[in-house]
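A.B. asks: Before we start, here is the structure in question, set down as structure tokens.
Protein chains: 2
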Amino acid sequence: MATVADRAQVSRQTVSNAINAPHLVRAETLARVQAAIDDLGYRPHRAARTLRTQRSYLIAARMHKVGSDVLDRFLHALTTRAQAQGYRVMLFAEDDDAGEVASFDELLTDHDLDAFVLTGTHVGDQRTEWLAERGAAFVTFGRPWGATAHHGWVDVDGAAGTEAATECLLQRGHRRIAFVGWPAGSGVGDDRRDGWSRAGAAVGLDPSLQRAYEDSLDNGRQACAELLDLDDPATAFVCVSDTLALGVWTELTARGVRLGDDVGVVGFDDSPAAKVTRLSSVAQPVDDVAEACLRMLHDVIGARESDDSPPEPVLLPPTLVTRDTT
Amino acid sequence: MATVADRAQVSRQTVSNAINAPHLVRAETLARVQAAIDDLGYRPHRAARTLRTQRSYLIAARMHKVGSDVLDRFLHALTTRAQAQGYRVMLFAEDDDAGEVASFDELLTDHDLDAFVLTGTHVGDQRTEWLAERGAAFVTFGRPWGATAHHGWVDVDGAAGTEAATECLLQRGHRRIAFVGWPAGSGVGDDRRDGWSRAGAAVGLDPSLQRAYEDSLDNGRQACAELLDLDDPATAFVCVSDTLALGVWTELTARGVRLGDDVGVVGFDDSPAAKVTRLSSVAQPVDDVAEACLRMLHDVIGARESDDSPPEPVLLPPTLVTRDTT
DNA sequence: AGGCGTGATTTGAACGTTCAAAGTCTCGTA
DNA sequence: TACGAGACTTTGAACGTTCAAATCACGCCT
Numbered sequence: 010m011a012t013v014a015d016r017a018q019v020s021r022q023t024v025s026n027a028i029n030a031p032h033l034v035r036a037e038t039l040a041r042v043q044a045a046i047d048d049l050g051y052r053p054h055r056a057a058r059t060l061r062t063q064r065s066y067l068i069a070a071r072m073h074k075v076g077s078d079v080l081d082r083f084l085h086a087l088t089t090r091a092q093a094q095g096y097r098v099m100l101f102a103e104d105d106d107a108g109e110v111a112s113f114d115e116l117l118t119d120h121d122l123d124a125f126v127l128t129g130t131h132v133g134d135q136r137t138e139w140l141a142e143r144g145a146a147f148v149t150f151g152r153p154w155g156a157t158a159h160h161g162w163v164d165v166d167g168a169a170g171t172e173a174a175t176e177c178l179l180q181r182g183h184r185r186i187a188f189v190g191w192p193a194g195s196g197v198g199d200d201r202r203d204g205w206s207r208a209g210a211a212v213g214l215d216p217s218l219q220r221a222y223e224d225s226l227d228n229g230r231q232a233c234a235e236l237l238d239l240d241d242p243a244t245a246f247v248c249v250s251d252t253l254a255l256g257v258w259t260e261l262t263a264r265g266v267r268l269g270d271d272v273g274v275v276g277f278d279d280s281p282a283a284k285v286t287r288l289s290s291v292a293q294p295v296d297d298v299a300e301a302c303l304r305m306l307h308d309v310i311g312a313r314e315s316d317d318s319p320p321e322p323v324l325l326p327p328t329l330v331t332r333d334t335t
Numbered sequence: 010m011a012t013v014a015d016r017a018q019v020s021r022q023t024v025s026n027a028i029n030a031p032h033l034v035r036a037e038t039l040a041r042v043q044a045a046i047d048d049l050g051y052r053p054h055r056a057a058r059t060l061r062t063q064r065s066y067l068i069a070a071r072m073h074k075v076g077s078d079v080l081d082r083f084l085h086a087l088t089t090r091a092q093a094q095g096y097r098v099m100l101f102a103e104d105d106d107a108g109e110v111a112s113f114d115e116l117l118t119d120h121d122l123d124a125f126v127l128t129g130t131h132v133g134d135q136r137t138e139w140l141a142e143r144g145a146a147f148v149t150f151g152r153p154w155g156a157t158a159h160h161g162w163v164d165v166d167g168a169a170g171t172e173a174a175t176e177c178l179l180q181r182g183h184r185r186i187a188f189v190g191w192p193a194g195s196g197v198g199d200d201r202r203d204g205w206s207r208a209g210a211a212v213g214l215d216p217s218l219q220r221a222y223e224d225s226l227d228n229g230r231q232a233c234a235e236l237l238d239l240d241d242p243a244t245a246f247v248c249v250s251d252t253l254a255l256g257v258w259t260e261l262t263a264r265g266v267r268l269g270d271d272v273g274v275v276g277f278d279d280s281p282a283a284k285v286t287r288l289s290s291v292a293q294p295v296d297d298v299a300e301a302c303l304r305m306l307h308d309v310i311g312a313r314e315s316d317d318s319p320p321e322p323v324l325l326p327p328t329l330v331t332r333d334t335t
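Chains as they are written, first to last, in the working numbering: chain A, 10 to 335; chain B, 10 to 335.
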């Protein structure tokens, strides 16, 4: 920077201004500085800037547990878009809320991180409170389940997704549409169940036609088997996840059922496995989520300390991808 | 840090030494400094340290294109392990070698990155040369295909994987074992084909029983159909990827073939979709790869400038996961 | 003529660390 | 008694930026 200043016949500070506050610099001078910068290929040093300004242009994101296709795609979108705005994404990996908070602390204090993107919000989430207390900038991909929002969030309207799935199956003539979900209390799971309930209630479907299991292929099979073996069996399955849906699919395939014709299935997340098995599924618009997160983060970072009202939440609609199982 | 120094009745530098070079400090003093650090909850500021030492304790990794389960898991393992050693992983996303090199440049010059982890090495890779020229520390997950190694690398022995797959199918009694691969020249693809050739040659299998297509489900179906419709059809398929294998699986399922009994299939990568469809597949030991990468990186970072011979490469054996299709 | 405001630029200090060199203390030895 | 060696500690400067305040040049008003 000193070299640039010398060559442009100005002081360090003018170079700094030319870069960070060009309106303070006379046009003629600006051009001279710009030329010097180009000639010398000068680029400001981030660590020095961070040291002085307490801003790192870094965003932290948690490296999710493996096998989560949605979060993987989200992270990709986030990285790409952050980069376009001059930010970089820094990863951390933790197993639970407590560990994550410990990471926050280190990242915030030691690395001057500018913002955090949280995924997988859940009931009783301890992370948001911690961050809010510290006055850290953050947004969540996921609603503040069971709490009032004291922070910006972006989420996908799961209920709308399962509702659309249910309506699609209704149109195909199904009247025994079951829901295969997660145990109550999970926020996301309850929301997706609500969508099915809503669509069902509108036309008087049997609201008891449902099962709740932890997320696994085997549990999907199990649920499917139970619902098929009823006196008045289910003819279609709306599932809270692709994992359970693929379990259902497995059971149906094993029984030799004609998928799409006799029985319908819809999953959630549109995972690669759904594409392979031609399973219909509700797709989350992860690119849009990432975009919205960054926009919101931009506002939050700017408005921190001055403004105390959280930004307007964003709820995005998912898309039903219709394949062979509906 | 000044506060710690005051409280411990020592100078800044002694605090610094207590942290970075404890052997230089008298035990008694060390204890006093340590106590002060604990009392005040002091933690050194990374940006300041980076500014002075030119070291960031940051490792760059590329955020792979979506849908690559192996790289996703690798990234997770890398993050976890790096973190345990005091490093953090910084992401970048680029579409091609040129873009990636541009990112390297920015990360190296502006952010003082300590090291790079490259994935997806390929024939004519421009990235390694660029990094080597700059004297940057890096390792690759993937061999330097078609070039002599001027850098440390870790890879999985693909040929050993397909060889094991082929031998497994031989044991099941198959004698018409086909290979569904990628077009020649891709390094990884050729290597995996070699494993099949090797195992086949040992017992005199037909070496022409193979197809080469770009990686997609449809191409897998296509290849499968062609190989089944031969006068002397294939009875088993060793595939270069799960994508192609799942294409094969789709075609076989559509034809109502009894998988595992009449016909065998083995994929590569052990993706989630393989688990769902009960497809046998060759699994890469990504955790071990990440571990080896970091160990190697540690050596490279330490030895930079002094030592010029690259570290010993690491080639790890994959594991054949046997499910219903063998 | 002198003071004043405004826009452009410079100066000195500071951010929090570590490097390089110099300083102090203790002890064994000539 | 002094001297050098070794162990430990301190001092001043530096890393590359930006902040806050000072300075400068210039035209305008009274």
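The beta-carbon is built from N, C-alpha and C at its ideal position, and this holds for glycine as well.
Would a check of beta-carbon distances place Met72 (chain A) closer than 7 Å to chain B?
C.D. replies: Yes, because at least one Cβ of chain B sits closer than 7 Å to the Cβ of Met72 (chain A).
A.B. asks: Express the C-alpha separation of Trp205 (chain B) and Arg287 (chain B) in angstroms, rounding to a whole number.
C.D. replies: Computed Cα separation, rounded: 22 Å.
A.B. asks: What is the residue span of the alpha helix (DSSP H) that Met191 (chain A) lies within?
C.D. replies: Strictly speaking, residue 191 (chain A) in this sequence is Trp, with Met absent from that position. Premise fails: Trp191 (chain A) is in no alpha helix (DSSP H) and is neither H nor E.
A.B. asks: Assign Glu260 (chain A) to one of two classes, buried (16 or more other C-beta atoms within 10 Å of its C-beta) or exposed (fewer than that).
C.D. replies: Buried, by the Cβ-count rule.
A.B. asks: Using a cut-off of 7 Å between C-beta atoms, extract the partners of Asp81 (chain A) located in chain B.
C.D. replies: In chain order: Val75, Asp81.
A.B. asks: Would you tell me roughly how many angstroms separate the C-alpha atoms of Leu218 (chain A) and Cys233 (chain B), rounded to the nearest one?
C.D. replies: When rounded, the distance between both Cα atoms is 41 Å.
A.B. asks: Just the C-alpha distance for Ala245 (chain B) and Gly129 (chain B), rounded to the nearest angstrom, thanks.
C.D. replies: One C-alpha to the other measures close to 28 Å.
A.B. asks: Since I believe Leu140 (chain B) is in contact with Ser65 (chain B) (beta carbons under 8 Å), could you give me their beta-carbon distance rounded to a whole number of angstroms?
C.D. replies: Not a contact, Cβ separation roughly 16 Å.
A.B. asks: For Gln121 (chain A), return the contacting residues in chain B, with the cut-off set at a CB-CB distance below 7 Å.
C.D. replies: It should be noted that the sequence gives Asp, not Gln, for residue 121 (chain A). Under the 7 Å cutoff, chain B gives Ala56.
A.B. asks: Use the C-beta contact count for Gly229 (chain B): other C-beta atoms within 10 angstroms, 16 or more gives buried, fewer gives exposed.
C.D. replies: With 16 or more Cβ atoms within 10 Å of its Cβ, Gly229 (chain B) is classed as buried.
A.B. asks: Between which two residues does the alpha helix (DSSP H) holding Ser289 (chain B) run?
C.D. replies: From DSSP, Ser289 (chain B) is part of no alpha helix (DSSP H) but of the beta strand (DSSP E) over 289-292.
A.B. asks: Report the residue ranges of all alpha helix (DSSP H) runs contained in full by the stretch 142-208 of chain B; include only those spanning at least 4 residues, in chain order.
C.D. replies: DSSP runs (the alpha helix (DSSP H)) wholly in the stretch 142-208 of chain B: 167-180.
A.B. asks: Quick one: which chain B residues come within Cβ less than 9 Å of Leu226 (chain A)?
C.D. replies: The answer, in chain order, is Lys284, Val285.
A.B. asks: At a Cβ threshold of 7 Å, is Thr89 (chain B) touching chain A?
C.D. replies: Interface residue, yes.
A.B. asks: Skipping 5 residues on each side, what residues in its chain have a beta carbon closer than 7 Å to that of Arg319 (chain A)?
C.D. replies: One point to set straight first is that residue 319 (chain A) is Pro, not Arg, in the sequence displayed. Counting only Cβ-Cβ distances below 7 Å, and skipping sequence neighbours, we find Ala158, His159, His160, Gly161.
A.B. asks: If you drop the 5 nearest sequence neighbours on each side, which residues of the same chain put their C-beta closer than 8 Å to that of Leu84 (chain A)?
C.D. replies: Same-chain partners within the cutoff: Ala70, Met72, His73, Val98.
A.B. asks: Rounded to whole angstroms, what is the Cα-Cα separation between Val295 (chain A) and Ala211 (chain B)?
C.D. replies: Approximately 49 Å between the Cα atoms of the pair.
A.B. asks: Which one of A:Leu178, A:Pro242, A:Ala193, A:Asp270 has the shortest CA to CA distance from Gly276 (chain A)?
C.D. replies: The residue with the shortest Cα to Cα distance from Gly276 (chain A) is A:Leu178.
A.B. asks: Let me see if you follow: with CB-CB separation under 7 Å, is Ala102 (chain B) close to chain A or not?
C.D. replies: Yes - at least one Cβ of chain A is within 7 Å of the one on Ala102 (chain B).
A.B. asks: Can you give the Cα-Cα distance for Ala27 (chain B) and Leu33 (chain B), rounded to whole angstroms?
C.D. replies: Rounded to whole angstroms, Ala27 (chain B) to Leu33 (chain B) spans 8 Å at the Cα level.
A.B. asks: Determine whether the Cβ of Pro294 (chain A) lies closer than 7 Å to any Cβ atom of chain B.
C.D. replies: For Pro294 (chain A), the answer is no, since every Cβ of chain B falls outside 7 Å of its Cβ.
A.B. asks: Only counting the same chain, and skipping five residues up and downstream in sequence, which positions put a Cβ closer than 7 Å to that of Pro281 (chain B)?
C.D. replies: The residues are Asp78.
A.B. asks: For the alpha helix (DSSP H) containing Arg267 (chain B), name the first residue and the last one.
C.D. replies: Unbroken run through Arg267 (chain B): none, as it is neither H nor E.
A.B. asks: Kindly indicate the opening and closing residues of the beta strand (DSSP E) around Ala234 (chain A).
C.D. replies: Ala234 (chain A) -> not in any beta strand (DSSP E); alpha helix (DSSP H) instead, spanning 226-237.
A.B. asks: Anything in chain B within Cβ reach of Gln92 (chain A), meaning under 9 Å, just list it in chain order.
C.D. replies: In chain order: Leu100, Phe101, Ala102, Glu103, Ser112.
A.B. asks: Can you list, in chain order, the stretches of the alpha helix (DSSP H) that have 4 or more residues and sit fully within the stretch 58-106 of chain B?
C.D. replies: Taking only runs of at least 4 residues, the alpha helix (DSSP H) segments lying wholly in the stretch 58-106 of chain B are 78-93.
A.B. asks: What does Arg337 (chain A) reach in chain B if we use C-beta pairs closer than 7 Å?
C.D. replies: This structure gives no information on residue 337 (chain A), because the portion of chain A shown stretches from 10 to 335.
A.B. asks: Which residues in the same chain as Pro53 (chain A) place their Cβ atom closer than 8 Å to its Cβ, once the five residues preceding and following it in sequence are excluded?
C.D. replies: Excluding residues within five positions, the ones whose Cβ falls inside 8 Å are Met10, Ile28.
A.B. asks: Would you give the residue range spanned by the beta strand (DSSP E) that Ala283 (chain B) belongs to?
C.D. replies: Segment 281-285 is the alpha helix (DSSP H) holding Ala283 (chain B); no beta strand (DSSP E) there.
A.B. asks: Starting from Thr328 (chain B), trace the alpha helix (DSSP H) both ways and give me its first and last residue.
C.D. replies: Note, Thr328 (chain B): premise wrong, no alpha helix (DSSP H); beta strand (DSSP E) at 328-330.
A.B. asks: Specify the secondary structure class of Gly273 (chain B) as computed by DSSP and reduced to three states.
C.D. replies: Three-state result, Gly273 (chain B): strand.
A.B. asks: Looking at the unbroken beta strand (DSSP E) that takes in Thr128 (chain A), where does it start and where does it end?
C.D. replies: Start and end: 124-128.
A.B. asks: Would you list the residues sitting across from Gln219 (chain B) in a DSSP beta bridge?
C.D. replies: In DSSP, Gln219 (chain B) forms a bridge with B:Phe188.
A.B. asks: Specify, as a first and last residue, the run of the alpha helix (DSSP H) that Ala243 (chain B) falls within.
C.D. replies: Element bounds for Ala243 (chain B): n/a, residue is neither H nor E.
A.B. asks: Report yes if the CB atom of Val163 (chain B) is closer than 7 Å to the CB atom of Val291 (chain B), and no otherwise.
C.D. replies: For Val163 (chain B) and Val291 (chain B), no; Cβs fall outside 7 Å.
A.B. asks: Would you please state the rounded distance, in angstroms, between the beta carbons of Gly256 (chain A) and Leu226 (chain A)? I believe it to be under 8 Å.
C.D. replies: Contact holds; Cβ gap of about 4 Å.
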